[in-house]
Every structure is written in C-alpha cells, then in structure tokens.
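*Asks:*
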Amino acid sequence: MNILILGGGGREHAIAWAVMQNPKCDRLFVAPGNAGIAQIAECAALNITDGAAVVQFAEENAVDFVIIGPEAPLAAGVADDLRGAGLLVFGPGRDAARLEASKRFTKEVCDAAGAPTAAWARFAAPDPARDYIRAQGAPIVVKADGLAAGKGVVVAMDEAAALTAVDEMFGGAFGAAGAEVVIEEFMEGEEASFFVLCDGETALPLGSAQDHKRAGEGDTGPNTGGMGAYSPAPVMTDAVTEATMAQIVRPTLAEMVRRGTPFQGVLFVGLMIADGRPRLVEYNVRFGDPECQCLMMRLGAQVLDLLLACAGGRLAEARVNWADDHAMCVVMAARGYPGAYVKGDAIGGLDHLRDNSFAVMFHAGTARKDCTVVANGGRVLGATARGTTLAEARDRAYGLVDGVDWPGGFCRRDIGWRALG
Ligand code: AMP
Ligand code: GLY
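Position 324 of the sequence shown, counted from 1, bears residue number 324 in the numbering used here, the numbering being contiguous throughout.
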C-alpha cells in the first residue's frame, strides 16, 4: 500500500522508519519531511494544514493510508477532510482533537467522566482571574486555553508569577489561544507519558515514556519541546496502568462517544502520579516528540499493523507484541535553543553512523544543502537506541551522539537519570 505521513520532525522520522520495515508498505511519502526522512521516503512540499491540498496530493499519488503526526493539522480538521474524501486516516477529527486544542474542553470532559485531575476554573477576563489567584495562593498553574506550541503553561511558584502570567496571556502573548485562561491546582508527584491507541470504542495501551522538558542537566533551565525521553517509565507499574485505564482513559473515551465525537488515533495521556494514584495533567491527540522515537524503536514494523487496525476500527482484534526492552532518545539541539539559535551549520559524521534495529539517528530540524546535512531548527537530531536494559540503551544512544561532528549543537548528558539512578 501507499502511505502518506504528515509532519517533518523526529516523531515523523521514527514513524516512517517503523512503517518502512513493514512489508505492507510499498511507497512512503512524507510531507514535508526532512533530510533524514528523505533517505528512506519521498518527501513532498505540501501545506499540511490545508485539507484540500492534502486530499489532492493523496488522490494524485494513489495514497491508501494517511498518518497525521502533529497537532496543527489535526486541530485544523485535516483528518475530517481526508475521511470525507474516502481515505483511511490515523488521527482524530477536529472535534475530538479539542482534547488537545482546548484545555477548558478537556477539563469539562474530565469532570463529566469523573476522571481525576487538578481542580480548576476558567476565566475570560483578567480581574476575576487575579482574584481567584489571590484567593487560592501559590503554587498555582496558569494555562492559555488554546494551542500555544507547548509554551502556554506557567507553573507559578509564587503569586506574583501567576499574576504576571495572567497579564501576559490576556495581553495577547499567545494570540487567540490566550483569550481564555484556565487556572489549576498545582499537583505534586512524578510525571509520566502514557500512550493509548483508540478506535473510537476500544483502547489499546501502547506503552509509557518519560520526557525531559527542561533544557539543562538535572532538569533545570527553560522549558523545551523535550530534550530526551526513555521508555518504559518505571513509575507506570501494572497497577498504575490499570488505574489510568479504568479511571481516566476509558471514561474519557466513553464521554467522547456520548458527545457524538468518538476519539480515533493515539491519546497521549500526561499523568502526575503520587502515592500510586494517577491524575491527568493533560491530553495530547498525537504521539509525543521525543517519546515517539522510543516507542517506535521498541515496537518496530508492527506499528503499521497497529495504526491500520486503529484507523479501521479493528483494535479489538489487535495485540501489541512487547519485547522486554528499554529505549532512550537523546535530543541534539542547536546551541541557544529554546531561545534564539543559529540555522545552517553543517553537521558532520552522520554518514559514518551505522543505523540498525538497535540504534538510529532520527532527524528533526535538518535540511540538505548541496551535499551536506545542515541544522534547520531548534531540535535537530534524536539519537535513539534500545537495549535489554536502560543503561545499554543509553550507552548506544550516546554512542551515536559522540559520532556527530557539530560544534554548534548541544545535548543533555543525563537523560534517564531518574530511572538509572
Ligand atoms: P502541558 O503543556 O499542559 O504539558 O504542561 C507543561 C508542564 O507543566 C507539564 O508537563 C507539567 O510539568 C506542568 N504542569 C501542567 N499542569 C500542572 C499542574 N496542574 N500541576 C503541576 N504541574 C503541572
Ligand atoms: N514531548 C512532549 C510533547 O510532545 O508534547
């Protein structure tokens, strides 16, 4: 079959890598892709939030199955447009994508479903928000309601920071995404990301991961899109997993069905776990990046069968074949990220890295200029490996990192410290 993946980051390189290994895949297109993806698939320049353009490309290229990677096309309703044209699609439609696109919507669904999450209130104007913060006290969490590229959340350790966040959000720092603000109770505990395939009715757990969001070692410094991840997350024991499915995931999916907007795709369940009890931090309606790189490395070619079963409403018959293994992804970013950084640096050493089923250098923000690969984004590479232990996966991942010649790049050297310590 001919397959189209939308997106061009490390997540999409990892999905493409896994899908390519499945004999069902004949031709693989990725739009827009990147320099690494171009080595294994046909990259296409396409505006991926333009549903009509994506439908046209799929029809012209006899595409049988479309996998949507990032949230922007999902929130824009590209899955609806593709399904409307009779195509098989992995990813939720616009209505179900609100589980990521609106924090208020998610909170309302959780309340209706009885899913444990932080106490919350929503505000459409700054004055009542300020009063609420003064009444509640700090620490407290202030969130722009809409999509803000991962930047719309302020965990305020004191009241002043929370009040500043309110002013910024209503002042337009996040555009329309900040027209409404959700203010939440600060939850303590350990975070984990949990991934569940859903075909509307059936939910199939796909595994857990832990992400390192801060730029600096020891989980310090500014927030980023994710500097590294590992899978599985030790905090996701069988008991925590079962509690998450029973108290959070299944009630949420049932509530989405009740509303007439069943969720189909991968539900990224961001959890805070304290004393063995999971509470929801947030949902995303796509794979995490770089968590996805770890999951794809562990699952391999079966990913295509699982995504097809999900899109086709056949998850009740599907099984995940787990190896008893561990994976790690170490992100290499351009110096300065998540602030200002330089683009266009040549990256050496990539040709000498030997990719195999245990270790792959996934590309995120890369481009090809003449014959060299150049940095073309903040997060640029994702050194990803698996092993029978997390330590083995780590050694292989940093082995890839050390083969790269890129003075303008940096990575954290302590990915996985919590689980390895
Ligand atoms: P989000 O963009 O919603 O993933 O939030 C970013 C990060 O903020 C999360 O990964 C948590 O570390 C933190 N966070 C969000 N909501 C809360 C909360 N209610 N309590 C504590 N931390 C939170
Ligand atoms: N790594 C977190 C995310 O993809 O949102």
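Beta carbons: idealized from backbone N, C-alpha and C, even for Gly.
Among the candidates 20, 22, 58, 165, whose CA atom is the shortest distance from the CA of residue 31?
*Replies:* The residue with the shortest Cα to Cα distance from residue 31 is 58.
*Asks:* Distance, Cα to Cα, residue 98 vs residue 89?
*Replies:* Rounded to the nearest angstrom, the two C-alpha atoms are 18 Å apart.
*Asks:* Based on the DSSP secondary-structure assignment, which residues constitute the bridge partners of residue 278?
*Replies:* Residue 278 is bridged to 273.
*Asks:* Is residue 290 close to the ligand GLY? I mean its beta-carbon at under 7 Å from any heavy atom of the ligand.
*Replies:* Flag set: Cβ of residue 290 near the ligand GLY.
*Asks:* Alpha carbon to alpha carbon, what distance is there between residue 17 and residue 327?
*Replies:* Spanning the two alpha carbons is a distance of roughly 15 Å.
*Asks:* At 4 residues or longer, what runs of the alpha helix (DSSP H) sit wholly inside the stretch 194-249?
*Replies:* With a minimum length of 4 residues, the continuous alpha helix (DSSP H) runs that stay inside the stretch 194-249 are 238-244.
*Asks:* Classify residue 120 as helix, strand or coil using the three-state DSSP reduction.
*Replies:* Residue 120: strand per DSSP, three-state reduction.
*Asks:* Determine contact between the stretch 298-305 and the stretch 178-192, defined as no fewer than three beta-carbon pairs at a distance below 8 Å.
*Replies:* With the cut-off at 8 Å, the stretch 298-305 and the stretch 178-192 do not touch.
*Asks:* Once you ignore the five residues that flank residue 105 on each side, which residues in its own chain have a CB closer than 8 Å to its CB?
*Replies:* Within the same chain, residue 105 has close Cβ partners 98, 99.
*Asks:* Within its chain, find whatever has a CB closer than 6 Å to the CB of residue 102; leave out the 5 residues flanking it on each side and keep chain order.
*Replies:* Once the five neighbours on either side are set aside, the close Cβ partners of residue 102 are 145.
*Asks:* Could you please give me the residues that DSSP links to residue 283 through a beta bridge?
*Replies:* Note: residue 283 sits in a beta bridge opposite 269.
*Asks:* Which residues in the same chain as residue 83 place their Cβ atom closer than 8 Å to its Cβ, once the five residues preceding and following it in sequence are excluded?
*Replies:* If we look at residue 83 and ignore the five residues flanking it on each side, its Cβ neighbours are 89, 93.
*Asks:* For residue 355, which of helix, strand or coil comes out of DSSP?
*Replies:* Here residue 355 sits in coil by DSSP.
*Asks:* So residue 208 and residue 268 are supposed to be a Cβ contact under 8 Å. How far apart are they, rounded?
*Replies:* About 11 Å; that fails the 8 Å criterion.
*Asks:* Report yes if the C-beta distance between residue 342 and residue 334 is below 8 Å; otherwise report no.
*Replies:* Cβ distance < 8 Å, so residue 342 and residue 334 count as in contact.
*Asks:* Rounding to the nearest angstrom, what Cα-Cα distance links residue 5 and residue 377 in this structure?
*Replies:* Near 20 Å, if we compare the C-alpha coordinates of residue 377 and residue 5.
*Asks:* Can you list, in chain order, the residues of its chain whose CB lies under 7 Å from that of residue 221, leaving out five sequence neighbours each side?
*Replies:* Excluding residues within five positions, the ones whose Cβ falls inside 7 Å are 214, 215.
*Asks:* Give me the DSSP bridge partner(s) of residue 67.
*Replies:* 5, 90.
*Asks:* Between residue 349 and residue 380, what straight-line distance do the alpha-carbon atoms span, to the nearest angstrom?
*Replies:* Looking at the two C-alpha atoms, the distance is approximately 14 Å.
*Asks:* Decide if residue 56 is buried, meaning its Cβ has at least 16 other Cβ atoms within 10 Å, or exposed.
*Replies:* With fewer than 16 Cβ atoms within 10 Å of its Cβ, residue 56 is classed as exposed.
*Asks:* Once the 5 residues before and after residue 228 are set aside, which same chain residues still bring their CB inside 8 Å of it?
*Replies:* These residues qualify, in order along the chain: 211, 212, 290, 328, 329, 330, 331, 411, 412, 415, 416.
*Asks:* Below 8 Å, how does it come out for the stretch 355-363 and the stretch 245-264: are there three or more Cβ pairs, yes or no?
*Replies:* Contact between the stretch 355-363 and the stretch 245-264 is absent, because fewer than three Cβ pairs lie under 8 Å.
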